[in-house]
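Enquirer: A single structure is presented below for examination.
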Amino acid sequence: MALFKQANLNQIGARQAPATDRLIIMLVDDEEANRRVLSSLLAPRYQVLQAADGLEAWKMINAMPNPERLACIVSDQRMPGMTGVELLQKTCADYPNTVRIIVTGYSDIDAIIDSINKADIFRFIIKPLDSNDFLMTIKRAVESFEMNARIAAHQRDLETRIQERTAELQLANDSLKQHQTELLEARRVAESASHQKSEFLAVMSHELRTPLSGIIGMLKLGLRGEMGDESRQRFELSLSNAQALLTLITDILDFSKIEAGKLDLEQIDFPLADTINTALAIFEERAVSKGIDFVLDIDPSLPAFVRGDPTRLRQVLLNLVSNAIKFTENGWVKVEVTRLPGKLANGLCRIGFAVHDSGIGIPASALPRLFQKFEQVDASTTRRYGGTGLGLAISRQLVELMGGQLEVTSTPDVGSCFCFELEMAPGEALAPAQHPADEPHSHQLHILCAEDFPTNQMIIRALLEDRGHRVEIVENGWLAVQALARENFDMILMDGRMPEMDGVTATLLIRQGGNEECKVQATDIHITALTANVSPTDLQAYLAAGMDDFLTKPLDERQLHRRLSEVIEKRLRLGIALPPLLRPSHSDLNGLFDITDEDDAPSPPSEQVQTADAVEPDLLTRMRVRFAQDWPIRLAQLRQAQQDGDRESAGRIFHGLKGSLGYLQTPPSLQQRCGEMEHKADQGAWDVIRDVLPQLQQEIETILREPGWN
-19 MALFKQANLN
-9 QIGARQAPAT
1 DRLIIMLVDD
11 EEANRRVLSS
21 LLAPRYQVLQ
31 AADGLEAWKM
41 INAMPNPERL
51 ACIVSDQRMP
61 GMTGVELLQK
71 TCADYPNTVR
81 IIVTGYSDID
91 AIIDSINKAD
101 IFRFIIKPLD
111 SNDFLMTIKR
121 AVESFEMNAR
131 IAAHQRDLET
141 RIQERTAELQ
151 LANDSLKQHQ
161 TELLEARRVA
171 ESASHQKSEF
181 LAVMSHELRT
191 PLSGIIGMLK
201 LGLRGEMGDE
211 SRQRFELSLS
221 NAQALLTLIT
231 DILDFSKIEA
241 GKLDLEQIDF
251 PLADTINTAL
261 AIFEERAVSK
271 GIDFVLDIDP
281 SLPAFVRGDP
291 TRLRQVLLNL
301 VSNAIKFTEN
311 GWVKVEVTRL
321 PGKLANGLCR
331 IGFAVHDSGI
341 GIPASALPRL
351 FQKFEQVDAS
361 TTRRYGGTGL
371 GLAISRQLVE
381 LMGGQLEVTS
391 TPDVGSCFCF
401 ELEMAPGEAL
411 APAQHPADEP
421 HSHQLHILCA
431 EDFPTNQMII
441 RALLEDRGHR
451 VEIVENGWLA
461 VQALARENFD
471 MILMDGRMPE
481 MDGVTATLLI
491 RQGGNEECKV
501 QATDIHITAL
511 TANVSPTDLQ
521 AYLAAGMDDF
531 LTKPLDERQL
541 HRRLSEVIEK
551 RLRLGIALPP
561 LLRPSHSDLN
571 GLFDITDEDD
581 APSPPSEQVQ
591 TADAVEPDLL
601 TRMRVRFAQD
611 WPIRLAQLRQ
621 AQQDGDRESA
631 GRIFHGLKGS
641 LGYLQTPPSL
651 QQRCGEMEHK
661 ADQGAWDVIR
671 DVLPQLQQEI
681 ETILREPGWN
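Anchor point for the sequence shown: position 111 equals 91 in my numbering, and the numbering is continuous, going up by one each time.
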């Protein structure tokens, strides 16, 4: 069949495009003449490739370096080997962007159907061809190819952008996840730091208050004895300084608790005027000694009793008045407590507190930082007046916790006024105490005390036996359980931290009736915790374990007396018979510390005796004698712990030595060395301990050979 209609042959020909820009048209026909005619028609505009059959065409396509420029395949249907439909079907699968055109005769209707169904052809052309129609078909095929190419390029661009955007989003998501992970880690670290801070404060509270407990306790016991005026003055001055140090430590711990949000306020009824009068009475003598007037003006219309936290209110007023007197050289200090006008809901009343002074005043430039921690007006203030700069910061936060705002107005060289107001509910009158703090107890208690620190053992024994009570002291919680199993007691004073078994574990064991080895009957015995560690976490642990209450170290004699009174009243109400109290005799007091007459401390040399009061061996000497007796045991325990690699025992012994040597007024360097060895023991640094222990032994035993130690 002729390929072209005769009338159209003269129209073949067109402007030739540059070879580098031309797309590829492949002609597939087993008749060379047909390929030549079509090639001459297309060559001016396109790059033309020719193949004699489908198989040859397929090989050429697969061998092309740039198949993406193959715009169109024009294939005859009937060819030997591979037909046109078979060729176009394969290209449809592997080169879908190439436009496919099939040339066939009218008789090839089946081929046309197959080409549509299987090869997805763009056009089918019936022979003979019309040249104009053919060129138009090729043009549209190329336009379709170019459009598809642009669409594909745009799609690839979109896919690239999507991938890039997805990568950006993934990166952002990864960054967010990383940030979230970092935040979670930061939160964990912060919570861990907060927990460590609480633990640190707990340890610091215990470590600082424990030696202070011994110091203050010994000074108070010493003041109860007979002594000369000069000795009494020294004891009183030492006690005052020790209590000031305790106040400073309490301030630091209080501020840390406030910052951590762990300071809870009491809500109890208390007499407002009496509380303020009692708290501020101590300043009258200080004011007189400085030659200034001290005025306390309490509004008589105030409620007699209010509900709140008397301890924290007293703490704020003490700090403000102390500062006022400290910074006033001439003139006056006045405290005003007034009922402010205005009615409040729920019966609350507005109470104003103001502390005025005619002191040095505060420059306006210093006021903004006045309530910041560790801040004072300037360095000269610290050098001249002392202080840490914590008092006002604590006072302000305490006032805020109580619902007020501490404010200040001041003029240099004229004076200052610190004031705040609180909304307080009227309270109820308190029932009179059945046992005032200074009233001797009516009955004797049999008290079990679990305390591992020898100096504290001596102080507690002295405080209790001096009041006429029977005391048995054990060194750890397990010994307390054993003692309670074999003997009846009225109460237990239980230290929190002890070797072998701590106070919490011992209390739990007592409350559950002991164990198979040691049965306890008195599971409801009153247990009071003794602790220098006053953190809320530890106190909650004590109470949760079944302890009834707690006393903090250093022991306050009034609180101890009151607690003993409560236990006496409780036992009597339960119908438990208690022996009438018998005051200890002189010989009883002489045996308070388990020292026999022959081991008793010698009297001071005659040239040191100023008065007859000095003949009685003092408590410090007794403690030193007891330490000297105990030292060989401690040394043997240290060597055994070193031999066994027992970090806990070695650390505990060094810790006890450090505290004991502090109580016994040895050189600070010796106490410091014991503290260093405690840390080395905790770290298992046995080489260091082996090198230092002989030197430490020599220094201690040199001291023990001095007068008053043996």
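The beta-carbon is built from N, C-alpha and C at its ideal position, and this holds for glycine as well.
With a CB to CB cut of under 8 angstroms and the five nearest residues on each side skipped, what residues in its chain are close to Glu66?
Expert: In the sequence shown, the residue the question calls residue 66 occupies position 86. The answer, listed in chain order, is Gly34.
Enquirer: Exposed or buried, which one is Val394 when buried takes at least 16 other CB atoms within 10 Å?
Expert: Here residue 394 corresponds to residue number 414 of the sequence shown, with the count starting at 1. With fewer than 16 Cβ atoms within 10 Å of its Cβ, Val394 is classed as exposed.
Enquirer: Going by beta-carbon coordinates alone, are Ser390 and Gly322 separated by less than 7 angstroms?
Expert: As a position in the sequence shown, residue 390 is number 410, starting the count at 1. As a position in the sequence shown, residue 322 is number 342, starting the count at 1. Their beta carbons are not under 7 angstroms apart, which means Ser390 does not touch Gly322 by this criterion.
Enquirer: Looking only at its own chain, which residues have a Cβ that is under 8 angstroms from the Cβ of Leu219, when we skip the five neighbours before and after it?
Expert: Translated into the one-based positions of the sequence shown, residue 219 becomes position 239. Around Leu219: Ile196, Leu199, Lys200, Leu203.
Enquirer: Quick one, which of Leu459, Asn456, Gly457, Ile440 has its alpha-carbon nearest Arg450's?
Expert: One-based indexing of the sequence shown puts residue 450 at position 470. Arg450 has its Cα closest to that of Ile440, out of Leu459, Asn456, Gly457, Ile440.
Enquirer: Report the partner residues of Ala430 according to the DSSP bridge assignment.
Expert: As a first step, residue 430 must be located in the sequence shown, where it is residue number 450. The partner list for Ala430 (beta bridge, DSSP) reads Val454, Met474.
Enquirer: Among Asp56, Thr78, Glu48, Pro45, which residue has its Cα nearest to the Cα of Glu11?
Expert: By one-based count along the sequence shown, residue 11 stands at place 31. Of the listed residues, the one whose Cα sits closest to Glu11 is Asp56.
Enquirer: What would DSSP say about Arg287, mapped onto helix, strand or coil?
Expert: For this step, residue 287 is matched to residue 307 along the sequence shown. Here Arg287 sits in strand by DSSP.
Enquirer: Starting from the Cα of Glu455, find the closest Cα among Val379, Met481, Arg653 and give me that residue.
Expert: Residue numbering aside, residue 455 sits at position 475 when the sequence shown is read from its first letter. Closest by alpha carbon: Met481.
Enquirer: Nearest to Asp504 by alpha carbon, out of Ala13, Gly526, Asn495, Val484?
Expert: Position 524 of the sequence shown, counted from the first residue, corresponds to residue 504. Comparing Cα positions, the closest option is Gly526.
Enquirer: If the criterion is Cβ atoms closer than 7 angstroms, does the pair Asn77 and Asn42 meet it?
Expert: Position 97 of the sequence shown, counted from the first residue, corresponds to residue 77. Position 62 of the sequence shown, counted from the first residue, corresponds to residue 42. Against a cut-off of 7 angstroms, the Cβ pair of Asn42 and Asn77 comes out as no contact.
Enquirer: For the candidate residues Val122, Arg627, Ile680, whose alpha-carbon lies nearest to that of Pro612?
Expert: Position 632 of the sequence shown holds residue 612. It is Ile680.
Enquirer: When DSSP labels each residue in this structure, what does Arg58 get in the three-state scheme?
Expert: For the purposes of this step, residue 58 is taken as residue 78 along the sequence shown, with counting starting at 1. In the structure shown, Arg58 sits in coil (DSSP, three-state: anything other than H, G, I, E or B).
Enquirer: Measuring straight from C-alpha to C-alpha, what distance separates Ala373 and Leu350?
Expert: Position 393 of the sequence shown holds residue 373. Position 370 of the sequence shown holds residue 350. Each residue's alpha carbon lies about 8 angstroms from the other.
Enquirer: Evaluate Gln377 with the Cβ neighbour count: other Cβ atoms within 10 Å of its Cβ, from every protein chain shown; 16 or more gives buried, anything less gives exposed.
Expert: In the sequence shown, residue 377 corresponds to position 397, counting from 1. Flag for Gln377 reads buried.
Enquirer: What number of angstroms, rounded off, separates the C-alpha of Met207 from the C-alpha of His506?
Expert: Locating residue 207 in the sequence shown gives position 227, counting from the first residue. Locating residue 506 in the sequence shown gives position 526, counting from the first residue. Roughly 37 angstroms separates the two Cα atoms.
Enquirer: Does DSSP put Ile680 in a helix, in a strand, or in coil?
Expert: Counting from one through the sequence shown, the residue named residue 680 turns up at place 700. Of the three classes helix, strand and coil, the one that applies to Ile680 here is helix, per DSSP.
Enquirer: Check each candidate in Gly494, Ser302, Thr255, Val17 and name the one with the smallest Cα separation from Leu284.
Expert: Reading the sequence shown from its first residue, position 304 is the one you call residue 284. Per the sequence shown, the amino acid found at residue 284 is Ala instead of Leu. The residue with the shortest Cα to Cα distance from Ala284 is Thr255.
Enquirer: For the alpha helix (DSSP H) that Gln551 lies in, which residues bound it at each end?
Expert: Within the sequence shown, the letter at position 571 stands for residue 551. Gln is not the amino acid found at residue 551; the sequence shown has Arg there. Run containing Arg551: 537 to 553, per the alpha helix (DSSP H) assignment.
Enquirer: State the Cα-Cα distance for the pair Val315 and Glu549, rounded to the nearest angstrom.
Expert: Numbered from 1 along the sequence shown, position 335 holds the residue referred to as residue 315. Numbered from 1 along the sequence shown, position 569 holds the residue referred to as residue 549. So the two alpha carbons sit approximately 40 angstroms from each other.
Enquirer: Rounded to the nearest angstrom, what separates Ala682 and Leu676 at their Cα positions?
Expert: By 1-based counting over the sequence shown, the position of residue 682 is 702. By 1-based counting over the sequence shown, the position of residue 676 is 696. It should be pointed out that residue 682 corresponds to Thr in this sequence rather than to Ala. Using only the alpha carbons, I get a separation of about 10 angstroms.
Enquirer: I'd like the span of the alpha helix (DSSP H) that includes Lys270, first residue to last.
Expert: To locate residue 270, count along the sequence shown from 1; it is residue 290. Unbroken alpha helix (DSSP H) run through Lys270: 262 to 270.
Enquirer: Just the Cα atoms here: how many angstroms apart are Arg670 and Gln620?
Expert: Position 690 of the sequence shown holds residue 670. Position 640 of the sequence shown holds residue 620. Near 12 angstroms, if we compare the C-alpha coordinates of Gln620 and Arg670.
Enquirer: According to DSSP, simplified to helix, strand and coil, what is Gln352?
Expert: As a working mapping, residue 352 is identified with position 372 in the sequence shown. Gln352 falls in the coil class under three-state DSSP.
Enquirer: Which whole-angstrom value describes the C-beta separation of Asp337 and Thr318, a residue pair presumed to lie in contact below a C-beta threshold of 8 angstroms?
Expert: To locate residue 337, count along the sequence shown from 1; it is residue 357. To locate residue 318, count along the sequence shown from 1; it is residue 338. At roughly 17 angstroms, the Cβ-Cβ gap does not stay under 8 angstroms, so Asp337 and Thr318 are not in contact.
Enquirer: Assess contact between the segment 25 to 39 and the segment 79 to 86, defined as three or more Cβ pairs (one per stretch) separated by less than 8 angstroms. Is contact present?
Expert: no
Enquirer: DSSP has Thr508 in a bridge; who is on the other side?
Expert: Within the sequence shown, numbered from 1, the residue matching residue 508 stands at position 528. Thr508 pairs with Leu473, Asp529.
Enquirer: Quick check on the DSSP output: the beta strand (DSSP E) that includes Gln27 runs from which residue to which?
Expert: Taking the sequence shown and counting its residues from 1, the one referred to as residue 27 is at position 47. Start and end: 27 to 31.
Enquirer: Using the three-state DSSP reduction, which class does Trp689 fall into: helix, strand or coil?
Expert: Within the sequence shown, residue 689 is the residue found at index 709, counting from 1. Under the three-state reduction of DSSP, Trp689 is assigned to coil, being neither helix nor strand.
Enquirer: Let's see if you can read the secondary structure: which residues bound the beta strand (DSSP E) around Asp700?
Expert: The shown model of the chain, from -19 to 690, leaves out residue 700, and the question about it has no answer.
Enquirer: Start and end of the beta strand (DSSP E) containing Val315?
Expert: Your numbering for residue 315 matches position 335 in the sequence shown. Segment 312 to 319, the beta strand (DSSP E) holding Val315.
Enquirer: Between which two residues does the alpha helix (DSSP H) harbouring Pro483 extend?
Expert: In the sequence shown, counting from the first residue as 1, residue 483 sits at position 503. The sequence given here has Gly at residue 483, not Pro. That run of the alpha helix (DSSP H) goes 483 to 491.
Enquirer: Residues in its own chain within less than 7 angstroms of Arg49 by CB, not counting five upstream and five downstream?
Expert: Here the question's residue 49 lines up with position 69 in the sequence shown. The answer, listed in chain order, is Leu3, Ile4.
Enquirer: Pull up the distance between the alpha-carbon of Gln678 and that of Leu650, whole angstroms please.
Expert: Reading the sequence shown from its first residue, position 698 is the one you call residue 678. Reading the sequence shown from its first residue, position 670 is the one you call residue 650. So the two alpha carbons sit approximately 11 angstroms from each other.
Enquirer: Here's the rule: buried if 16 or more other CB atoms are within 10 angstroms of the residue's CB, otherwise exposed. What is Ile427?
Expert: Here residue 427 refers to the residue found at position 447 of the sequence shown. Ile427 comes out buried.
Enquirer: Straight-line CA distance for Val672 to Met657?
Expert: As a working mapping, residue 672 is identified with position 692 in the sequence shown. As a working mapping, residue 657 is identified with position 677 in the sequence shown. Each residue's Cα considered, the two are about 8 angstroms apart.
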